[in-house]
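Please read the structure below before turning to the comments.
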Amino acid sequence: MLSATASAQQAPSPPPIIPYGVPLGLEAAKKIMAAAEAEAEKNNWAMAIVILDSTGHMVMLHKLDNTQYGSLMAAEDKALSAINYRRPSKVFEDLVAQGGIGLRSLALRGASPLEGGIPINVDGKIVGAIGVSGGTSVQDGQVAKAGADVAK
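The sequence shown begins at -1 in our numbering and counts up by one.
As structure tokens, then:
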């Protein structure tokens, strides 16, 4: 009886670890950027869009007209969060929104608790990340997803 209780209290197994791959190149980044920009422009959203390679180094940065300057740093932070923690930054936003123990994620160095950072996966490996800022969290996530989906 004791073993049944112990197994019922075990935490679920973590998701599989996605390995890092060869850093994203400029040509791939251009395609990702074009898709993200098109989504932002289609909706008339002023956004900053950052694309990093798998080492966290910047490959591209575009600031659409009338984007606030702070969005440049926020977009890079979101992309770095997605690279370093191998998950979309929305995961941290959701944890913070839950409150309670989810607030512990705020102590993770470099974890952005704002939607808009998405790892770029190619052939099951993280080759980079896209970070977007300038709109609402949902808008930032929508633009980031449009870019990240091109790489699949």
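The beta-carbon is built from N, C-alpha and C at its ideal position, and this holds for glycine as well. Remember, predicted model here, so these are calculated numbers, not experimental data.
With a CB to CB cut of under 6 Å and the five nearest residues on each side skipped, what residues in its chain are close to residue i?
i	result
Tyr18	Ser52, Ile124
Pro21	Asp51, Ser52, Thr53
Ala34	Ile47, Val141, Ala144, Gly145
Val120	Ala149
Out of curiosity, what's the CA-to-CA distance linking residue i and residue j?
i	j	result
Ser87	Leu106	12 Å
Gly132	Gly97	25 Å
Pro117	Arg84	6 Å
Pro26	Ala44	Note that residue 26 is Ala in the sequence shown here, rather than Pro. Near 23 Å, if we compare the C-alpha coordinates of Ala44 and Ala26.
Gln66	Asn82	25 Å
Ala149	Ala32	12 Å
Asp138	Asn64	15 Å
Trp111	Glu91	First, the residue type needs correcting, since residue 111 is Pro and not Trp in the sequence shown. Roughly 4 Å between the two C-alpha positions.
Ser69	Ala46	6 Å
Ala36	Gly23	20 Å
Ala38	Ala77	17 Å
Arg102	Leu93	8 Å
Ser135	Pro12	26 Å
Pro14	Lys40	35 Å
Asp75	Leu62	18 Å
Asp147	Met71	23 Å
For residue i, count the other beta carbons within 10 Å of its own beta carbon; 16 or more makes it buried, fewer makes it exposed. Which is it?
i	result
Lys28	exposed
Ala95	exposed
Leu104	exposed
Determine whether the beta carbon atoms of residue i and residue j lie at a separation below 8 Å.
i	j	result
Ile49	Ile30	yes
Ser79	Gly126	no
Ala142	Gly129	yes
Ala73	Gly114	yes
Excluding the five sequence neighbours on either side, which residues of its own chain have a C-beta within less than 8 Å of the C-beta of residue i, listed in chain order?
i	result
Thr3	Note on Thr3: pLDDT 48, under 50, position unreliable in the model; no value is reported.
Met56	Val48, Ile49, Leu50, Glu74
Of all the CB atoms in chain B, is at least one closer than 8 Å to the CB of residue i?
i	result
Lys88	No chain B appears in the structure shown, which is made up of a single protein chain.
Under 7 Å Cβ to Cβ from residue i, same chain only, skipping five residues before and after it: list those, please.
i	result
His60	Met31, Glu35, Ile47
Open item on the list: What ranges does the alpha helix (DSSP H) occupy inside the segment 9 to 42, keeping only unbroken runs of at least 4 residues that lie completely in it?
Closed with: Counting whole runs of 4 or more residues, the segment 9 to 42 contains the alpha helix (DSSP H) stretches 24 to 40.
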